[in-house]
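Asker:
Number of protein chains: 2
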Amino acid sequence: MKIINSPEEMQRTAQNIRRAGKTIGFVPTMGYLHAGHLSLVQTARTSADLVVASIFVNPAQFGPNEDLAAYPRDFERDEKLCRDAGVDILFYPTPGDMYLEEHSIWVDEESLSNVLCGASRPGHFRGVCTVVAKLLNIVLPDIMVLGEKDAQQLRILRRMVRDLNFPVKIIAAPTIRETDGLAMSSRNKYLTPAERLEAGCLFQSLEKARALFAAGERAAGNIKAAVRAAIEATSGKVDYIELVDDETLRPVQTLEKPALLALAVKFSKARLIDNTVLQ
Amino acid sequence: MKIINSPEEMQRTAQNIRRAGKTIGFVPTMGYLHAGHLSLVQTARTSADLVVASIFVNPAQFGPNEDLAAYPRDFERDEKLCRDAGVDILFYPTPGDMYLEEHSIWVDEESLSNVLCGASRPGHFRGVCTVVAKLLNIVLPDIMVLGEKDAQQLRILRRMVRDLNFPVKIIAAPTIRETDGLAMSSRNKYLTPAERLEAGCLFQSLEKARALFAAGERAAGNIKAAVRAAIEATSGKVDYIELVDDETLRPVQTLEKPALLALAVKFSKARLIDNTVLQ
Numbered sequence: 008m009k010i011i012n013s014p015e016e017m018q019r020t021a022q023n024i025r026r027a028g029k030t031i032g033f034v035p036t037m038g039y040l041h042a043g044h045l046s047l048v049q050t051a052r053t054s055a056d057l058v059v060a061s062i063f064v065n066p067a068q069f070g071p072n073e074d075l076a077a078y079p080r081d082f083e084r085d086e087k088l089c090r091d092a093g094v095d096i097l098f099y100p101t102p103g104d105m106y107l108e109e110h111s112i113w114v115d116e117e118s119l120s121n122v123l124c125g126a127s128r129p130g131h132f133r134g135v136c137t138v139v140a141k142l143l144n145i146v147l148p149d150i151m152v153l154g155e156k157d158a159q160q161l162r163i164l165r166r167m168v169r170d171l172n173f174p175v176k177i178i179a180a181p182t183i184r185e186t187d188g189l190a191m192s193s194r195n196k197y198l199t200p201a202e203r204l205e206a207g208c209l210f211q212s213l214e215k216a217r218a219l220f221a222a223g224e225r226a227a228g229n230i231k232a233a234v235r236a237a238i239e240a241t242s243g244k245v246d247y248i249e250l251v252d253d254e255t256l257r258p259v260q261t262l263e264k265p266a267l268l269a270l271a272v273k274f275s276k277a278r279l280i281d282n283t284v285l286q
Numbered sequence: 008m009k010i011i012n013s014p015e016e017m018q019r020t021a022q023n024i025r026r027a028g029k030t031i032g033f034v035p036t037m038g039y040l041h042a043g044h045l046s047l048v049q050t051a052r053t054s055a056d057l058v059v060a061s062i063f064v065n066p067a068q069f070g071p072n073e074d075l076a077a078y079p080r081d082f083e084r085d086e087k088l089c090r091d092a093g094v095d096i097l098f099y100p101t102p103g104d105m106y107l108e109e110h111s112i113w114v115d116e117e118s119l120s121n122v123l124c125g126a127s128r129p130g131h132f133r134g135v136c137t138v139v140a141k142l143l144n145i146v147l148p149d150i151m152v153l154g155e156k157d158a159q160q161l162r163i164l165r166r167m168v169r170d171l172n173f174p175v176k177i178i179a180a181p182t183i184r185e186t187d188g189l190a191m192s193s194r195n196k197y198l199t200p201a202e203r204l205e206a207g208c209l210f211q212s213l214e215k216a217r218a219l220f221a222a223g224e225r226a227a228g229n230i231k232a233a234v235r236a237a238i239e240a241t242s243g244k245v246d247y248i249e250l251v252d253d254e255t256l257r258p259v260q261t262l263e264k265p266a267l268l269a270l271a272v273k274f275s276k277a278r279l280i281d282n283t284v285l286q
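Here the protein sequences come in this chain order: A and B.
Quick note on numbering: the first sequence equals residues 8 to 286 in my numbering.
Quick note on numbering: the second sequence equals residues 8 to 286 in my numbering.
1. Checking contacts by CB at 9 Å: is residue 14/A closer than that to chain B?
2. Are residue 338/B and residue 70/B closer than 9 Å when you measure CB to CB?
3. Could you please give the first and the last residue of the uninterrupted beta strand (DSSP E) stretch that includes residue 178/A?
4. My understanding is that residue 154/A touches residue 47/A, with C-beta atoms under 8 Å, so please give their C-beta distance in whole angstroms.
5. Cβ atoms of residue 193/A and residue 32/A: under 9 Å apart, would you say?
6. Specify, as a first and last residue, the run of the beta strand (DSSP E) that residue 98/A falls within.
7. Cα-Cα, which of 36/A, 56/A, 87/A, 179/A is closest to residue 24/A?
8. From residue 152/B to residue 165/B, what distance separates their C-alpha atoms?
9. Are the C-beta atoms of residue 63/B and some chain A residue less than 9 Å apart?
10. Could you give the C-beta distance for residue 270/B and residue 281/B, rounded to a whole number, given that I count them as a contact under 8 Å?
11. For the alpha helix (DSSP H) containing residue 191/A, name the first residue and the last one.
12. Mapping the DSSP letters down to three states, classify residue 197/A as helix, strand or coil.
13. At least one CB of chain B closer than 9 Å to the CB of residue 141/A: is that the case?
14. Whole angstroms is fine: what's the gap from residue 6/A's alpha carbon to residue 130/B's?
15. How many Å lie between residue 156/A and residue 182/A at the Cα?
16. Taking Cβ to Cβ, would you say residue 268/A is nearer than 9 Å to residue 234/A?
17. Along the region 114 to 133 of chain A, where does the CB come closer than 7 Å to a CB of chain B? Name the residues.
18. Can a CB atom of chain B be found closer than 9 Å to the CB of residue 174/A?
19. Distance, Cα to Cα, residue 136/A vs residue 116/A?
20. How many angstroms separate the CA atom of residue 91/B from the CA atom of residue 58/B?
21. Cα separation between residue 50/A and residue 123/A?
22. Can you confirm whether residue 136/A, when its beta carbon is compared against all beta carbons of chain B, has any partner nearer than 9 Å?
23. Check this for me: beta carbons of residue 185/A and residue 242/A, under 9 Å apart or not?
24. Which residues does DSSP pair with residue 226/A in a beta bridge?
25. Name the one or two DSSP bridge partners that residue 14/A has.
26. Measuring CB atoms only, is the region 167 to 180 of chain B touching the region 211 to 218 of chain B, in the sense that at least three cross pairs come out at less than 8 Å?
27. Please tell me whether residue 8/A and residue 146/A are closer than 9 Å, where the distance is taken between their beta carbons.
28. Tell me, please, whether the CB atom of residue 147/A is closer than 9 Å to any CB atom in chain B?
29. Under 8 Å, CB to CB, which of the residues in the region 160 to 193 of chain A have a partner in chain B?
30. Kindly indicate the opening and closing residues of the alpha helix (DSSP H) around residue 81/B.
31. Of all the residues that make up the region 17 to 38 of chain B, which are near chain A by a beta-carbon distance shorter than 8 Å?
32. Distance check for residue 141/B and residue 80/B, CA to CA, integer angstroms please.
33. Can you check the region 144 to 177 of chain B for any beta strand (DSSP E) of at least 3 residues that lies completely inside it and give the ranges in chain order?
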C-alpha cells in the first residue's frame, strides 16, 4: 500500500492509473476506521481494479461549536487497517494542502441540505460537497463507495454528481452494526459505558417503525411518535426524527412513495444518527 | 467535425479519447462566434490533439433583467466557423439537458466575484462557475483556453480550477480587436452605427492609461480619471472603472504590483467591457 500526502502527486498517480486502462474505486473517510469503513473498501475492491481510500478530517464541514479538534484520530491504526483490507493507495493530505490561502470556491447544495442534519448543522453539507468535489478531481475514481448510514450525505452527493456531471458512479453500501444494532460510527467512542448500553435504542426505534409500517401504518405522525417513545425511554435527547420523501427529502404526512425515516439523537458527548427507508 | 448534443454522449466520447491516449483542448463559448473565439480555437489546436468547442447560452449566468432571450444566436453560421477553424467536436447541449429538474448544486466564488462585473451582475459568476464546472466534467479537457477579454472571469475560473483541483490547465489568449481597437464581442452587435464609431473609446482610454503608467504615474485616482474623461467624451456611460490588484482583485490606491485596469461602459443597448494589466 502506497501512502500519498500531496494532492498533486495523488492526481498524477490517478491519471497514470487511468491511462494504463485500470479503474479506480474510491472510499473517502475521515479516518478512525471501523468495520463500516472496511466494508466500503471491500465493495470498492469488487467493483474496481484499484482501491484508493482517503483519510481527511475536513475542517470545512465542522461548525464553530462542533468537534473538529476533538474528532478522534489514529493514523497508525488506520494505516494498518487499510493495508490489511487491501487498500492500494491511502491518500492522507494536510488541511493546508487541501485548502490553500485565499480559498474562495464552495460547492453549495440548496434543496436537500436544508432539512435533517443540515438544519442543525448549517454549512455542514457545503463543506462536505466542497471536499468531495475536490477529492473526486484529485483521485479521479470510476466508482465512489458511500455508506447508507449517512443517508442525507449520500443523497446530496448523488445530487452533486448528477448536477455537476462528475464522471463517477456512486455505490451505496449498507450500514454495518454492532450486535445490539448500533450503527458503527467513529463518534460511538464519545459514549459513556452507560450510554453505550442505551444507544441501541436508535436501531430498535427503527425496527419498531418498520414493524408498524409492515402492519399497514401509513401516518407519518404515528410512526414518528413510536420512534420518539423508544428514544425517550433512554437518556438520549432527540435532535430530530423525520419522515421525508426519499428523493426530495421533503416532509411527508402519509407514506405513499418510499420514505426516509432519519433520526439524530444526542447523548452527553455523542450525536448519533441512523435511518431506514420505508417502502 | 462531429456535433454532440447529449452531455452523456459527450462525456463518453471524451473518456474514449482520453483512453486512446489523446489530449483534449477545450474552448467554451456562448456562440455567435467572432475572430476572438476562433483565435482561442487556434490556441487549443496548437496545445492538444483534439479540439472540443461548446456553444451554450447559459441561463444561469444571466440576471432577471439581462439579455438572455435577446442574446444573439446563429448556430448555422457558428457551425460553419467551427468546422473551418478545425474544431473536431462541437458540443451543443440544450438548457434542459444541462439543468435537470430540481437542479440544486451551485459553485460559488466568494472573494473575486464581489467586485467589477460581479458587483453589477449579482449571481453572474455563480452561473459561470457552475456551468464551467459541469463542462469540465463533461468534456474532460487537458487544457481549456479562455480569453483575456473577460478578465474577471479568467481569474475566477483559475481560482475554481485551483480550489476544486480540476485536472485541467488554463491557457489565457489575448483579446482580438477591430481596427479601431474595439475588443471583439458578440454584444458589439447591439451598438447603433453611431455608437459603433464611438466604442473605440474603451480601448483608447486603456491606451491613455498605459501611456500615463509608462510615464511614471502610479496614483490609481489619476489613471482612472483619465480613463473616465476619455469615456465621457462619448455617449457611453461608465458602469465601472476600477484599478485592482491583479491577483486578489482588491482595489489599489498606488500601483506597486501588477494591477488590473478594468472597465465596463454602457451604450444604449450594449454593455461593453475591456481591460489591461499595468505592470
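Where a beta carbon is used, it is the ideal one built from N, C-alpha and C, also for glycine.
Answerer: Reading off the structure:
1. Chain B, which has a Cβ nearer than 9 Å to the Cβ of residue 14/A, makes this yes.
2. Nothing about residue 338/B can be read from this structure; chain B reaches only from 8 to 286.
3. 176 to 180
4. 6 Å
5. no
6. Counting along the chain, residue 98/A sits inside the beta strand (DSSP E) bounded by residues 96 to 98.
7. 56/A
8. Their backbone Cα atoms lie some 11 Å apart in a straight line.
9. no
10. 6 Å
11. Taken as a continuous stretch (DSSP letters only), residue 191/A belongs to no alpha helix (DSSP H), as it is neither H nor E.
12. helix
13. Interface residue, yes.
14. The structure shown does not extend to residue 6/A, since chain A is modelled only from 8 to 286, so the question has no answer here.
15. 5 Å
16. yes
17. 114, 115, 116, 117, 118, 119
18. yes
19. 8 Å
20. 13 Å
21. 27 Å
22. Answer yes: the Cβ-Cβ gap between residue 136/A and chain B drops below 9 Å somewhere.
23. no
24. 261/A
25. Looking at the DSSP assignment, residue 14/A forms no beta bridge with any residue, so it has no partner.
26. Under the Cβ criterion (8 Å, minimum of three pairs), the region 167 to 180 of chain B does not count as touching the region 211 to 218 of chain B.
27. no
28. yes
29. 166, 167, 169, 170, 171, 172, 173, 174
30. From DSSP, residue 81/B is part of no alpha helix (DSSP H); its letter is neither H nor E.
31. 18, 22, 25, 26, 28
32. Those two C-alpha atoms are separated by around 22 Å.
33. 150 to 154
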